[in-house]
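One structure is given below, encoded as structure tokens.
In this note's numbering, the protein residues as written are 1031 to 1447.
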């Protein structure tokens, strides 16, 4: 049978009630129930969907073996489309994708993502704003094919000049949204289920760790500069603890344990685009940890505490108070402050010296620390704990910037033992 109990309502076009004579096309082929051929030669199939609504599909070809008429675009034959309708009815796929556009689907998906971090929600809003301005966001979800999804992302990179990392974020929202649509029987299959690297050129600039020489030179310059020397202790800590910058900004006096020589990391400080300060849990579940202090790091913290001026009113964010670093308005300093300081330091350094300093950011400090620890032979599981990585592959693959010279030194060490 062509259809099950849910889909038996396929029927003749009006005027085809006379069952004594078989209907044929202009090539004298017998047409099935619901099929007919228009005067211009195009074929049509009329059916009733699961909701009782009448639908139509068209094609210039009745069978897949028929040639494509000259000047007409390639498409499935009528009977191939009928088979798709039959399968959709059998699987109870909601007709026309429930009428949802791509934007509406993403909005529905975001509505269901309760309890997400502020930064994650900001990413969702960015994607929705892109879809509001783009014709792709107006497409009905059941009309989006695999090739459409790929071509849209290619256009975002080649025409709109969006970065690979930005498109990676956009696809990271659309892929699960369409997966939700597939699981809700709104579409047959997820058109975003493909590897991004197979479609786009990865133009991301890899964030390299500094060499030990570059790190020493950067710290020397900061320490000796009349203006930037006030940031030396904080920058030294970033290079020698591997803290995320949001974790560093969230540090309070009570997080420092000088007896045990450790730093408690159980929260991070963020500031939203609306300038709202918020306290969140660390980035991963493994982010809650204690980070060891070296003697030098301990000395830096003690100098920072000694120099810290008590504000008239201690700022309190979500119940947390006693932040180590405050701005001129006695508000806690956030990632943007430190990113700007690093940028100004590098710019000044490169305006003085011929040998240029590569890009240095708070996150490069984290890369550098992890790389240095790995090169020093630290146990990978111990390093994973200190870095607060949920997956050891991140520790091993993303942050360990090992070069030939490192491998050569390790080789000599092993051979000479």
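Cβ coordinates follow ideal geometry from the N, Cα and C atoms, glycine included. In this text the structure is predicted, and so the values were computed from the model without any measurement.
| said: For residue 1254 and residue 1340, I'd like the C-alpha separation in whole angstroms. | reply: Position 224 of the chain shown, counting from 1, holds the residue named residue 1254. Position 310 of the chain shown, counting from 1, holds the residue named residue 1340. If I take the Cα positions, the gap works out to 27 Å.
| field | Burial state of residue 1325 (16 or more Cβ within 10 Å) | value | The sequence position of residue 1325 within the chain shown is 295, counting from 1. Residue 1325 is exposed by the Cβ-count criterion.
| message | Is the beta carbon of residue 1201 closer than 8 Å to that of residue 1226? | response | Locating residue 1226 in the chain shown gives position 196, where the first residue counts as 1. Locating residue 1201 in the chain shown gives position 171, where the first residue counts as 1. Cβ atoms of residue 1226 and residue 1201: closer than 8 Å.
| message | Within 8 Å, do at least three Cβ pairs link the stretch 1166–1174 to the stretch 1114–1134? | response | yes
| task | Mind reading off the beta-carbon distance from residue 1152 to residue 1279? Whole number of angstroms is fine, and I expect it under 8 Å. | result | As a working mapping, residue 1152 is identified with position 122 in the chain shown. As a working mapping, residue 1279 is identified with position 249 in the chain shown. Rounded, the Cβ-Cβ distance is 17 Å, inconsistent with contact.
| message | Less than 8 Å between the C-beta atoms of residue 1297 and residue 1309, yes or no? | response | On the chain shown, position 267 is the one that residue 1297 refers to. On the chain shown, position 279 is the one that residue 1309 refers to. Yes, Cβ-Cβ distance for residue 1297 and residue 1309 is below 8 Å.
| Close-in-space but distant-in-sequence residues of the same chain around residue 1098 (CB under 6 Å, 5 per side omitted) | What you label residue 1098 is simply residue 68 of the chain shown in a count that begins at 1. Closer than 6 Å at Cβ, skipping near neighbours: 1104.
| said: Extract the residue ranges of the alpha helix (DSSP H) inside the stretch 1239–1302, only unbroken runs of 4 or more that lie entirely within it. | reply: 1242–1254, 1262–1271 and 1275–1279
| Distance between residue 1232 and residue 1040 (C-alpha atoms, nearest Å) | Indexing the chain shown from 1 puts residue 1040 at position 10. Indexing the chain shown from 1 puts residue 1232 at position 202. Interpretation of residue 1040 is limited by its pLDDT of 42, a score under 50 that renders its predicted location unreliable; no figure is taken from the coordinates.
| said: Considering only the alpha carbon of each residue, which of 1114, 1257 and 1124 lies closest to residue 1378? | reply: Locating residue 1378 in the chain shown gives position 348, where the first residue counts as 1. Answer by Cα proximity: 1257.
| said: Using the three-state DSSP reduction, which class does residue 1046 fall into: helix, strand or coil? | reply: Translated into the one-based positions of the chain shown, residue 1046 becomes position 16. Since pLDDT at residue 1046 reaches only 44, below the 50 mark, its modelled position is unreliable, and no value is offered.
| query | Which word fits residue 1064, buried or exposed, when buried means at least 16 other C-beta atoms lie within 10 angstroms of its C-beta? | reply | As a first step, residue 1064 must be located in the chain shown, where it is residue number 34. By the neighbour-count rule (16 or more Cβ atoms within 10 Å), residue 1064 is buried.
| field | Cβ-based neighbour list, residue 1216, same chain, cut-off 6 Å, excluding 5 preceding and 5 following | value | To locate residue 1216, count along the chain shown from 1; it is residue 186. 1124, 1127 and 1128.
| query | Among residues of its own chain, excluding the 5 on either side of residue 1281, which ones have a beta-carbon nearer than 6 Å to its beta-carbon? | reply | Taking the first residue of the chain shown as 1, we reach residue 1281 at position 251. Excluding positions up to five away in sequence, the list reads 1354.
| query | What are the boundary residues of the alpha helix (DSSP H) that residue 1371 is part of? | reply | What you label residue 1371 is simply residue 341 of the chain shown in a count that begins at 1. Residues 1365–1382.
| field | CB of residue 1264 within 8 Å of CB of residue 1347, strictly | value | Here residue 1264 refers to the residue found at position 234 of the chain shown. Here residue 1347 refers to the residue found at position 317 of the chain shown. No, the Cβ-Cβ distance between residue 1264 and residue 1347 is not below 8 Å.
| said: Please classify residue 1252 as buried or exposed, where buried requires at least 16 neighbouring CB atoms within 10 angstroms. | reply: On the chain shown, position 222 is the one that residue 1252 refers to. Residue 1252 is buried by the Cβ-count criterion.
| query | Between which two residues does the beta strand (DSSP E) containing residue 1075 stretch? | reply | Numbered from 1 along the chain shown, position 45 holds the residue referred to as residue 1075. From DSSP, the beta strand (DSSP E) with residue 1075 extends over 1073–1078.
| request: Express the C-alpha separation of residue 1094 and residue 1110 in angstroms, rounding to a whole number. | output: To locate residue 1110, count along the chain shown from 1; it is residue 80. To locate residue 1094, count along the chain shown from 1; it is residue 64. In a straight line, the C-alpha of residue 1110 is about 7 Å away from that of residue 1094.
| Do you know offhand how far residue 1077's Cα is from residue 1312's? | Indexing the chain shown from 1 puts residue 1077 at position 47. Indexing the chain shown from 1 puts residue 1312 at position 282. Those two C-alpha atoms are separated by around 55 Å.
| So, do the stretch 1259–1274 and the stretch 1399–1419 have three or more beta carbon pairs nearer to each other than 8 Å? | yes
| How long is the line joining the alpha carbons of residue 1147 and residue 1154, rounded to whole angstroms? | Taking the chain shown and counting its residues from 1, one reaches residue 1147 at position 117. Taking the chain shown and counting its residues from 1, one reaches residue 1154 at position 124. In a straight line, the C-alpha of residue 1147 is about 11 Å away from that of residue 1154.
| query | So residue 1060 is in the beta strand (DSSP E); what residue range does that whole segment cover? | reply | In the chain shown, counting from the first residue as 1, residue 1060 sits at position 30. Neither: residue 1060 is in no beta strand (DSSP E) and is coded neither H nor E.
| task | Please classify residue 1353: does DSSP put it in a helix, a strand, or coil? | result | The sequence position of residue 1353 within the chain shown is 323, counting from 1. Strand.
| request: Decide if residue 1157 is buried, meaning its Cβ has at least 16 other Cβ atoms within 10 Å, or exposed. | output: Here residue 1157 corresponds to residue number 127 of the chain shown, with the count starting at 1. Buried, by the Cβ-count rule.
| said: Between 1139, 1418 and 1114, which has its C-alpha nearest residue 1294's C-alpha? | reply: Against the chain shown, residue 1294 aligns to sequence position 264. Closest by alpha carbon: 1418.
| task | Could you spell out the range, first to last residue, of the alpha helix (DSSP H) harbouring residue 1333? | result | As a first step, residue 1333 must be located in the chain shown, where it is residue number 303. Here the alpha helix (DSSP H) through residue 1333 covers 1325–1337.
| task | Output the boundary residues of the beta strand (DSSP E) element that contains residue 1310. | result | Translated into the one-based positions of the chain shown, residue 1310 becomes position 280. Looking at the DSSP string, the run of the beta strand (DSSP E) that includes residue 1310 is 1307–1310.
| message | I'd like to know whether the C-beta atoms of residue 1391 and residue 1369 end up nearer to each other than 8 Å. | response | Within the chain shown, numbered from 1, the residue matching residue 1391 stands at position 361. Within the chain shown, numbered from 1, the residue matching residue 1369 stands at position 339. Closer than 8 Å, so yes.
| Nearest CA to the CA of residue 1230: which residue from 1345, 1102, 1189 and 1277? | Here residue 1230 refers to the residue found at position 200 of the chain shown. It is 1189.
| Going by other Cβ atoms of all chains shown within 10 Å of its Cβ, with 16 needed for buried, is residue 1381 buried or exposed? | The residue labelled residue 1381 in the question sits at position 351 within the chain shown. So residue 1381 counts as exposed.
| message | According to DSSP, residue 1362 sits in a beta bridge with which residue or residues? | response | For the purposes of this step, residue 1362 is identified with residue 332 of the chain shown, where counting begins at 1. 1356.
| Do residue 1197 and residue 1181 have their C-beta atoms within less than 8 Å of each other? | Your numbering for residue 1197 matches position 167 in the chain shown. Your numbering for residue 1181 matches position 151 in the chain shown. Cβ atoms of residue 1197 and residue 1181: not closer than 8 Å.
| So residue 1319 is in the beta strand (DSSP E); what residue range does that whole segment cover? | Within the chain shown, numbered from 1, the residue matching residue 1319 stands at position 289. Its beta strand (DSSP E) spans residues 1319–1322.
| request: State yes or no: is the beta carbon of residue 1404 nearer than 8 Å to at least one beta carbon in chain B? | output: No chain B is part of this structure, which consists of one protein chain only.
| request: Report all residues from its chain with a CB closer than 6 Å to the CB of residue 1383; omit the five preceding and five following residues, and keep chain order. | output: Looking up residue 1383 in the chain shown gives position 353. Once the five neighbours on either side are set aside, residue 1383 has no close Cβ partner at all.
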